[in-house]
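Notes for the one structure printed next.
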Amino acid sequence: MSLIISNIALHFLTKKEETGEVVLRLGPKSLHNGDGELNQDNQKISNFVDGLHAIYNAKGSKAYGSFNAMPSEGDAARFVDLMESYLGEQQDFYTFSTQAANVLKNEIEKYDLAETGYLVVCHYEYMGGRYLLVAVIPISEHYSVDGELNISAAQHLDTNKLQLAARIDLFDYQQNSTGNRYISFIKGRAGRKVSDFFLDFLGCEEGLNAKEQTQTLVQAVEDYVAVNQLDAGEKQKTRKDLLNYCKEQKASSQDVSIQELGKVIESGDGEQDFYQFCQAQSYPIEESFPHEQAVVNKITKYSGYGNGISLSFERSHFGEDVVYNPHNDSLTIYKVPPNLKEQLLALLESNKSPENNEDF
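Going by the working numbering, the first residue of the sequence shown is number 50, and it counts up by one from there.
This is how it looks when you write it as structure tokens:
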């Protein structure tokens with residue numbers, strides 16, 4: 050296991066139904082001994098954090114930002130100041146985590162929200178990087194039956210429903226505190242987001258827009274294949290090279306690098322490779338950035354769903370095996386997939402029987 054836990058704390062936030070008061074219950078001081086030795090309890094905690102790390106990485110809807118420069122209100126402590134006190138060894142990790150938990154408690158009370166659960170604060174290393182993960186994990190009920198067929202209910206941490214979570218890249222923060230991307234966080238749905246209070250708790254403001262950066266990258270690739278007048282096969286290969294590279298970067302939690310892409314995407318007979326092309330065209334794109342895989346996936350496929358119909362096909366089939374007529378808004382599919390063809394023939398055969406004629 051390449052994930053190493055430096056410190057971890059777990060606290061519980063709940064809300065009294067009668068009064069609406071938010072109650073904070075602090076966890077133990079010695080949740081993980083941090084000495085590198087994995088006893089049975091430490092092994093369980095390491096497995097838990099490893100799973101949480103994987104779930105967080107797999108979340109596609111993440112945004113990026115930085116700590117805002119707004120001063121604290123009155124005597125209220127800022128999360129970044131508490132974190133700095135811990136990183137500067139002015140206070141221990143547990144004290145930092147309890148102070149942060151109280152800041153979160155006050156934020157929930159201010160917004161009058163029902164967002165409660167277990168607050169996890171974890172400082173860990175992974176693949177040469179140092180991170181601070183802060184997350185509120187919701188609670189779900191599960192049921193069990195004993196040997197006497199008695200049903201009992203219990204609660205568990207529902208990490209699969211993780212929505213309130215942020216991760217600070219400590220190397221990036223300490224080396225480039227004026228940057229706009231050293232904090233990543235799970236992005237909420239459109240409109241006013243419940244997660245806004247979580248960003249206020251962290252004092253985080255959105256910076257780098259990964260979706261816009263990825264859209265610019267995809268457009269740059271399309272411009273590149275057009276300018277170099279690549280044939281249909283070469284265009285599709287270039288798109289797949291981009292797709293495969295981005296998938297590899299996502300799997301290893303690495304940024305997309307335009308310079309690396311210049312080596313991945315073949316230049317053909319063009320005078321410029323892809324990296325030189327991007328520089329010459331002055332695209333508003335970072336040298337490297339965390340990307341949104343869902344945007345890249347669309348470069349080789351078309352897909353859509355609506356009115357009970359779901360379609361997906363490779364881009365190379367458009368205009369040949371799949372033809373769209375905008376005049377009558379119709380789509381004609383040639384070379385129907387064998388498994389679909391088999392189902393359609395069976396459906397036609399079944400509708401030939403007299404009892405089904407009226408439904409045909």
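A virtual CB, placed ideally from N, CA and C, is assigned to each residue, including glycine.
All values reported here derive from a predicted model rather than from experimental measurement.
### Query
For the 8 Å Cβ check, are there 3 or more pairs between the stretch 142-149 and the stretch 52-63?
yes
### Secondary structure, alpha helix (DSSP H): runs of 4+ residues fully inside the stretch 132-202
142-160
### Query
Quick one: what does DSSP say L397 is sitting in, helix, strand or coil?
Here residue 397 corresponds to residue number 348 of the sequence shown, with the count starting at 1. Of the three classes helix, strand and coil, the one that applies to L397 here is helix, per DSSP.
### Query
Does the stretch 243-258 come within contact of the stretch 321-331, defined as at least 3 CB pairs closer than 8 Å?
no
### Query
Is DSSP giving Q204 helix, strand or coil here?
Counted from its first residue, the sequence shown places residue 204 at position 155. Three-state DSSP puts Q204 in a strand.
### Task
Compare the beta carbon distance of V98 and Y173 with 8 Å and say whether it is the shorter of the two.
Stepping through the sequence shown from its first residue, residue 98 is reached at position 49. Stepping through the sequence shown from its first residue, residue 173 is reached at position 124. Their beta carbons are under 8 Å apart, which means V98 touches Y173 by this criterion.
### Message
Can you tell me whether L75 is helix, strand or coil according to DSSP?
### Response
Locating residue 75 in the sequence shown gives position 26, counting from the first residue. The answer is coil: DSSP assigns L75 none of H, G, I, E or B.
### Query
How would you call S233, buried or exposed, if buried means at least 16 neighbouring beta carbons within 10 angstroms?
The count along the sequence shown starts at 1 and reaches residue 233 at position 184. Buried, because 16 or more other Cβ atoms sit within 10 Å of the Cβ of S233.
### Query
Can at least three beta-carbon pairs, one atom from the stretch 184-192 and one from the stretch 134-142, be found at a separation below 8 Å?
no
### Message
Checking 8 Å against the spacing of the C-beta atoms, do A214 and H340 come in under that value?
### Response
Working through the sequence shown from its first residue, we reach residue 214 at position 165. Working through the sequence shown from its first residue, we reach residue 340 at position 291. Not in contact: A214 and H340 (Cβ atoms no closer than 8 Å).
### Query
Do V305 and S337 have their CB atoms nearer than 8 Å?
The residue given as residue 305 occupies position 256 in the sequence shown. The residue given as residue 337 occupies position 288 in the sequence shown. Contact flag set, yes.
### Message
If I follow the unbroken alpha helix (DSSP H) through T265, where does it start and stop?
### Response
Stepping through the sequence shown from its first residue, residue 265 is reached at position 216. A259 to V276 is the span of the alpha helix (DSSP H), which, as asked, contains T265.
### Contacting residues, own chain, Cβ-Cβ under 7 Å from G178 (five flanking each side not counted)
Position 129 of the sequence shown holds residue 178. Around G178: D218 and F220.
### Query
What separation, rounded to the nearest whole angstrom, lies between the Cα atoms of A163 and A107?
Walking along the sequence shown from the start, residue 163 turns up at place 114. Walking along the sequence shown from the start, residue 107 turns up at place 58. Their backbone Cα atoms lie some 26 Å apart in a straight line.
### Message
Just to confirm the assignment: which complete alpha helix (DSSP H) runs, minimum length 4, are found wholly within the stretch 319-375?
### Response
323-330 and 342-346
### Query
Does the separation of the CB atoms of G252 and R74 fall below 8 Å?
Taking the sequence shown and counting its residues from 1, the one referred to as residue 252 is at position 203. Taking the sequence shown and counting its residues from 1, the one referred to as residue 74 is at position 25. Against a cut-off of 8 Å, the Cβ pair of R74 and G252 comes out as no contact.
### Message
Just to confirm the assignment, what range does the beta strand (DSSP E) spanning K299 have?
### Response
As a first step, residue 299 must be located in the sequence shown, where it is residue number 250. Looking at the DSSP string, K299 is not in any beta strand (DSSP E); the run it does join, the alpha helix (DSSP H), is A281 to A300.
### Message
Output needed for A150: all residues of its chain with C-beta closer than 6 Å, excluding positions within five of it in sequence on either side, in chain order.
### Response
The residue given as residue 150 occupies position 101 in the sequence shown. Closer than 6 Å at Cβ, skipping near neighbours: H60, L73 and L168.
### Query
Opposite K64 in the DSSP bridges: which residues?
In the sequence shown, counting from the first residue as 1, residue 64 sits at position 15. DSSP output for K64 lists V71 as bridge partner(s).
### Task
Excluding the 5 residues preceding and the 5 following I200 in the sequence, name in chain order all residues of the same chain whose CB lies nearer than 8 Å to its CB.
Numbered from 1 along the sequence shown, position 151 holds the residue referred to as residue 200. So the qualifying residues of the chain are Y192, S193 and V194.
### Task
Just tell me which of L206, L396, E156 and E261 has its CA closest to the CA of S110.
Along the sequence shown, read from residue 1 onward, the residue named residue 110 stands at position 61. Closest option to S110, Cα to Cα, is E261.
### Task
Write down the C-beta distance between T349 and E363 rounded to the nearest angstrom, noting that I regard them as a contact closer than 8 Å.
Locating residue 349 in the sequence shown gives position 300, where the first residue counts as 1. Locating residue 363 in the sequence shown gives position 314, where the first residue counts as 1. With a Cβ gap of about 6 Å, T349 and E363 count as contacting.
### Query
Which class does I104 belong to by DSSP, given the choice of helix, strand or coil?
Within the sequence shown, the letter at position 55 stands for residue 104. Looking at I104 - three-state DSSP - the assignment turns out to be helix.
### Message
Can you give me the C-alpha to C-alpha distance between A118 and G228, rounded to a whole angstrom?
### Response
As a working mapping, residue 118 is identified with position 69 in the sequence shown. As a working mapping, residue 228 is identified with position 179 in the sequence shown. Looking at the two C-alpha atoms, the distance is approximately 12 Å.
### Task
Just the C-alpha distance for P120 and E315, rounded to the nearest angstrom, thanks.
Within the sequence shown, the letter at position 71 stands for residue 120. Within the sequence shown, the letter at position 266 stands for residue 315. Using only the alpha carbons, I get a separation of about 50 Å.
### Query
According to DSSP, is N96 helix, strand or coil?
Numbered from its first residue, the sequence shown carries residue 96 at position 47. In this structure, N96 counts as helix in the three-state DSSP scheme.
### Task
Identify whether Y222 lies in helix, strand or coil by the three-state DSSP scheme.
Here the question's residue 222 lines up with position 173 in the sequence shown. Note: Y222 maps to helix in three-state DSSP.
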